[in-house]
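Structure first, commentary second.
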């Protein structure tokens, strides 16, 4: 796929976190997974959120993906305060605007590759032929044309992650959130996944990768690195 | 609602354990369907036979049957007797075309060509046969006796051909209590619930002859009779006439509690419905318990499924599935699972009923179970409903999962 001319403007904001705290109550102790988080992600950013395990980066991904709500603070999605949205409206945004890629792929084991990619659209009554066409196109583009009817258990890790990427892209979302996308892959498959993510970014999408691997942040197409430790932002590194 | 297309895939991937929980639904549906089909068939048969009996006919028997039929009743028939004088009273009631007396001669020795058996011949009046009160009672060979004839006998089809080694023909002689009787007629085969109606084995003699035997031997009271058939004129309500008969007999017998039974076709139908009602409640309770237990089983298996698919639920929610869609997904799956059990139960019920009817025809039992389409539809809808009820709680639980927690579930 060829890169599009995106004509991005630096100011077009996708998501902004304002003074976000996430507190878990463990018995009598309050545990803060996130403390005083402030940053924003703009359209066509390639962001790496970097931190060791237990630093709160997964919690941050859940909040960015509107899967979880902060205990304190505000999350603005395309300029709108998400705390005002109903649960169903948040689900709607996840469906239309956010694509998830998980470390453990999170494919539905009883569905084949094609069905897994079609799955999100089933909840929004996208006509069957449209579902099928989109899913096929994406899987073909990601080199899985001969694996359409294979169950996840019949696919290699790299192939499963490509199915998961296809599922994330099927609605043409603006924001792709990837949680350690290469964590369970060998280096060759991992590299393939990064190539795909770069291509997505080249096509004008916003990509956020969460990882503990400092090498990821050194890739040249990454324009923002958010260092996180003990639930707090250590520093935000702007590149380019 | 496209997401409901996931259900067949989920059902296909279910474990043997969940299929086993369907056994309860299958058994429950079979119990209900077969029971109702049999009840309907029995009612149909009885109604048909009552139609043959004729709505304008009444039978009066000595003793009361009322206390022995019905829920919780003890077997305590009220003793009582009927007399010729009762018949004279009844005959005066308006709306009665005629009456026909019957006198059973208890335990007579009957001999034919050296073979001896003991039976109870019925003394009958010829008008019962000639009036058309019971059209199925007509001779296949020979004729009906006349009331004033002596030493003649009319026999049923099976009595003629099956009771003795050698068949009896018209104009054969048989001996009743060592007296010689000529067979004047052999009745048509009637058949019935047990393949051979009791009446196919009948041996009837003129009422006057029976009276003589009974009086000579002192077997019963003076002028006592065994039963009375009453024919109600068209245009008269047999129930009204029956009430009148009861009134007359009560005042004649001077009793508080009836010591006789006046049977109209409606009365018989009521009694049968009462008996069927008791059986239905009994079997219905068993079927109901079976379905209740299986509903708990299905609920349990749905909880397991929700737990097993926690991660899947998290994935679907992350991808944009809404709570009510997850609820519907599991609720519908539970309903479909039970519906499937219901369908299997229906197919097995159909086979059972088909088998029963085949045997029934083969042995001429006279009863056929009837499975009506509405019964099949009703049983199916009922099993779906059980699925819905059993699925509500697990589906609700699934819909309320926090997506983050669900995604972390391993």
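Chains as they are written, first to last, in the numbering used here: chain Z, 1 to 240; chain X, 1 to 410. The C-beta atom is built at its ideal place from N, Cα and C for all residues, glycine as well. Please read these numbers as outputs of a predicted model, since none were measured by experiment.
Neighbour list for residue i in chain Z, Cβ cutoff strictly below 7 Å
{"i": "residue 13 of chain X", "result": "110"}
{"i": "residue 312 of chain X", "result": "108"}
{"i": "residue 325 of chain X", "result": "123"}
{"i": "residue 404 of chain X", "result": "62, 67, 68"}
{"i": "residue 315 of chain X", "result": "106, 108"}
DSSP beta-bridge partners of residue i
{"i": "residue 109 of chain X", "result": "X:118"}
{"i": "residue 34 of chain Z", "result": "Z:22"}
{"i": "residue 226 of chain X", "result": "Paired residues: none, contrary to the question."}
{"i": "residue 35 of chain X", "result": "DSSP lists no partner for residue 35 of chain X."}
{"i": "residue 139 of chain X", "result": "X:187"}
{"i": "residue 204 of chain X", "result": "X:122, X:154"}
{"i": "residue 62 of chain X", "result": "X:260"}
{"i": "residue 311 of chain X", "result": "None, per the DSSP bridge assignment."}
Pair within 8 Å by beta-carbon distance, residue i and residue j
{"i": "residue 171 of chain X", "j": "residue 183 of chain X", "result": "yes"}
{"i": "residue 321 of chain X", "j": "residue 100 of chain Z", "result": "no"}
{"i": "residue 108 of chain X", "j": "residue 121 of chain X", "result": "yes"}
{"i": "residue 93 of chain Z", "j": "residue 208 of chain Z", "result": "no"}
{"i": "residue 213 of chain X", "j": "residue 162 of chain X", "result": "no"}
{"i": "residue 215 of chain X", "j": "residue 64 of chain X", "result": "no"}
{"i": "residue 164 of chain X", "j": "residue 201 of chain X", "result": "no"}
{"i": "residue 37 of chain X", "j": "residue 305 of chain X", "result": "no"}
{"i": "residue 185 of chain X", "j": "residue 139 of chain X", "result": "yes"}
{"i": "residue 400 of chain X", "j": "residue 300 of chain X", "result": "no"}
{"i": "residue 179 of chain Z", "j": "residue 102 of chain Z", "result": "yes"}
{"i": "residue 44 of chain X", "j": "residue 279 of chain X", "result": "no"}
Counted within 10 angstroms of its Cβ, other Cβ atoms place residue i as buried (16 or more) or exposed
{"i": "residue 73 of chain X", "result": "For residue 73 of chain X, the predicted structure reports a pLDDT of 43, less than 50, and the residue's modelled location is therefore unreliable. The matter cannot be settled from this model."}
{"i": "residue 83 of chain Z", "result": "exposed"}
{"i": "residue 6 of chain Z", "result": "Because the pLDDT of residue 6 of chain Z is 48, which lies under 50, any placement of that residue in the model is unreliable, and the number read from its coordinates should be weighed accordingly. Flag for residue 6 of chain Z reads exposed."}
{"i": "residue 330 of chain X", "result": "buried"}
{"i": "residue 13 of chain X", "result": "exposed"}
{"i": "residue 210 of chain X", "result": "buried"}
{"i": "residue 92 of chain X", "result": "exposed"}
{"i": "residue 130 of chain X", "result": "exposed"}
{"i": "residue 62 of chain X", "result": "buried"}
{"i": "residue 1 of chain X", "result": "exposed"}
{"i": "residue 124 of chain X", "result": "buried"}
{"i": "residue 289 of chain X", "result": "exposed"}
{"i": "residue 146 of chain X", "result": "exposed"}
Contacts that residue i makes with chain X (C-beta to C-beta distance below 8 Å)
{"i": "residue 70 of chain Z", "result": "Chain X residues near residue 70 of chain Z: none, gap ~12 Å exceeds 8 Å."}
{"i": "residue 77 of chain Z", "result": "Near residue 77 of chain Z there are no residues of chain X at all, since even the closest Cβ is about 14 Å away, more than 8 Å."}
{"i": "residue 133 of chain Z", "result": "Simply none; closest approach about 15 Å."}
{"i": "residue 166 of chain Z", "result": "Within chain X, no residue comes near residue 166 of chain Z; the closest Cβ sits about 13 Å away, beyond 8 Å."}
Sequence-distant residues of its chain with Cβ nearer than 7 Å to residue i (five each side left out)
{"i": "residue 389 of chain X", "result": "295"}
{"i": "residue 56 of chain X", "result": "231, 232, 234, 238"}
{"i": "residue 70 of chain X", "result": "Confidence is the limiting factor: at residue 70 of chain X the pLDDT is only 44, short of 50, which leaves the residue's position unreliable, though a coordinate-based value still follows. Hits under 7 Å: 274."}
{"i": "residue 471 of chain X", "result": "There is simply no residue 471 of chain X to check, as chain X begins at 1 and stops at 410 in what is shown."}
{"i": "residue 380 of chain X", "result": "339, 342, 343, 346"}
{"i": "residue 232 of chain Z", "result": "35, 36"}
{"i": "residue 222 of chain Z", "result": "46, 48, 239"}
{"i": "residue 62 of chain Z", "result": "68"}
{"i": "residue 97 of chain Z", "result": "173, 174, 175"}
{"i": "residue 24 of chain Z", "result": "31, 33"}
{"i": "residue 264 of chain X", "result": "58, 238, 239, 242"}
{"i": "residue 89 of chain X", "result": "248, 252"}
8 Å Cβ cut-off: residues of chain Z touching residue i
{"i": "residue 5 of chain X", "result": "122"}
{"i": "residue 318 of chain X", "result": "65, 67, 94, 100, 106"}
{"i": "residue 38 of chain X", "result": "The premise fails here: residue 38 of chain X is roughly 42 Å from chain Z at the closest Cβ pair, so nothing lies under 8 Å."}
{"i": "residue 337 of chain X", "result": "Result: empty, since nearest Cβ-Cβ is about 15 Å, beyond 8 Å."}
{"i": "residue 16 of chain X", "result": "Going along chain Z, no residue has its Cβ under 8 Å from residue 16 of chain X, so there is no contact; the nearest lies around 16 Å."}
Partners in chain X for residue i, counting only beta-carbon separations shorter than 7 Å
{"i": "residue 31 of chain Z", "result": "Within chain X, no residue comes near residue 31 of chain Z; the closest Cβ sits about 15 Å away, beyond 7 Å."}
{"i": "residue 87 of chain Z", "result": "323"}
{"i": "residue 184 of chain Z", "result": "Chain X residues near residue 184 of chain Z: none, gap ~14 Å exceeds 7 Å."}
Closer than 9 Å at the beta carbon, the chain Z residues around residue i
{"i": "residue 306 of chain X", "result": "By Cβ distance, chain Z contributes nothing, its closest Cβ being about 15 Å from residue 306 of chain X, past 9 Å."}
{"i": "residue 10 of chain X", "result": "110"}
Contacts around residue i, its chain only, beta-carbon distance under 6 Å, and the 5 residues preceding and following it disregarded
{"i": "residue 59 of chain Z", "result": "22, 33, 34"}
{"i": "residue 395 of chain X", "result": "327, 330, 331"}
{"i": "residue 194 of chain X", "result": "Because the pLDDT of residue 194 of chain X is 48, which lies under 50, any placement of that residue in the model is unreliable, and the number read from its coordinates should be weighed accordingly. For residue 194 of chain X, where only same-chain residues beyond five positions count, there are no Cβ hits under 6 Å."}
{"i": "residue 8 of chain X", "result": "none"}
{"i": "residue 236 of chain X", "result": "95"}
Residue i: contacting residues in chain X (beta-carbon distance under 9 Å)
{"i": "residue 125 of chain Z", "result": "1, 2, 3"}
{"i": "residue 19 of chain Z", "result": "Those within 9 Å of residue 19 of chain Z in chain X number zero; the least Cβ separation is about 21 Å."}
is_contact[residue i, chain B] using C-beta, thresh 8 Å
{"i": "residue 81 of chain Z", "result": "Any reference to chain B falls outside this structure, whose protein chains are Z and X."}
Residues near residue i by beta carbon distance below 8 Å, same chain, minus five either side
{"i": "residue 236 of chain Z", "result": "39, 224, 225, 226, 227"}
{"i": "residue 286 of chain X", "result": "31"}
{"i": "residue 190 of chain X", "result": "136, 137, 156, 157, 197, 199, 200"}
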